[in-house]
Amino acid sequence: MELQNQQHNEQLQLLISEADTARNSFLQLQEKATEIKNNIERNKKTIIALENDNIELQAKSDKAMISDTGEVTFKEFDECSNAIFNNNRKIQALRKVIEKFEKQLELTILDDCQSAYKYANLKISKVFEYYATTLLNELLNDDLTNKLNTILYLLKSSKMTNENEPIIFILESIKNKFSSSFKFESNHLNNLSFPSFQSYGYSNYSVIESKRRIEELKNQLENNTIQ
């Protein structure tokens, strides 16, 4: 549904462009958070696999040390011990990475994602609000306004019980024309929608608590280096 005024259409397109940009910026941050989350889970699974490998290596080294005749050999024991040592180094490194990026994930969600989500919703809301109010102003032309004033005058002249009753009657009559199953199609808004926010359980803070937690995470990350 096109707006009657070309300037209004241009303003609507500008608002839509700003909303699309804000929405895409949020989705990129959300995608980054999801990628961090997936890598954390992958690293945790790698640790479990390495720990299970160590258990098998330990059992293998214990059996390999002593033969059936009592001969002691350390070759395979040393190989298993070296493999266990290397696995433990990997586990230690992975735990440091996980610790850092769990904080990075929480910070990204509480700070960047939360801010971008609110901004995107604000921009999208402005599109719908501008479109609706402009359409309404176009609808309320002089002819319709005169008819509504005439209806109001006639209803008041019918001696309705109080001053507000005619207005309520008009509003109820209009409301009855509304349909909950109405499907709106617009070339402008077909691809515009509010994004969903995946918080991964990190957003259950009050405003004050959230600000405090953001500063805490920033300080921790500044002092956290992976050796």
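Take the sequence shown: its position 188, counted from the start at 1, is 238 in this note's numbering, and no numbers get skipped.
The beta carbon of each residue, even a glycine, is placed where N, CA and C say it ideally should be.
Beta-carbon to beta-carbon, Leu242 and Ala69 are separated by about 6 Å, close enough to satisfy the 8 Å threshold. For Asn273, no alpha helix (DSSP H) run applies, since DSSP gives it neither H nor E. In this structure Leu198 is exposed. Its beta-carbon is surrounded by fewer than 16 other beta-carbon atoms within 10 angstroms.
Between Ile86 and Gln154, the gap from beta carbon to beta carbon is short of 9 Å. Contact between the segment 258-277 and the segment 156-174 is present: 3 or more CB-CB pairs across the two stretches fall below 8 Å. CA-to-CA, the gap between Asn59 and Leu239 works out to about 12 Å. Taking the Cβ atoms as the reference, Ala166 lies roughly 5 Å from Leu79, within the contact range of under 8 Å.
For the pair Lys150 and Asn274, the CB atoms are nearer than the 9 Å cut-off. About 19 Å separates the Cβ atoms of Tyr169 and Leu62, ruling out a contact at the 8 Å cut-off. Ser111 is positioned such that its CB atom lies no closer than 9 Å to that of Glu121. According to the DSSP assignment, Lys168 belongs to the alpha helix (DSSP H) that extends over 164-189. Setting aside the 5 residues that flank it on each side, Leu65 is surrounded in the same chain by Lys176, Val177, Tyr180, each with a C-beta closer than 7 Å to its C-beta; the list follows chain order.
With respect to Ile148, Lys94 sits close: the two C-beta atoms are nearer than 9 Å. Per the DSSP secondary-structure output, Val122 pairs in a beta bridge with Ile116. Distance from the Cα of Asn102 is smallest, within the candidate group Asp128, Gln248, Glu81, Ala133, for Ala133. Under the three-state reduction of DSSP, Leu155 is assigned to helix. Secondary structure note for Leu205: its alpha helix (DSSP H) is the uninterrupted segment 192-207. For Tyr255, the closest of Leu100, Glu81, Glu156 by C-alpha to C-alpha distance is Glu156. Annotated three-state conformation of Lys233 is coil, per DSSP.
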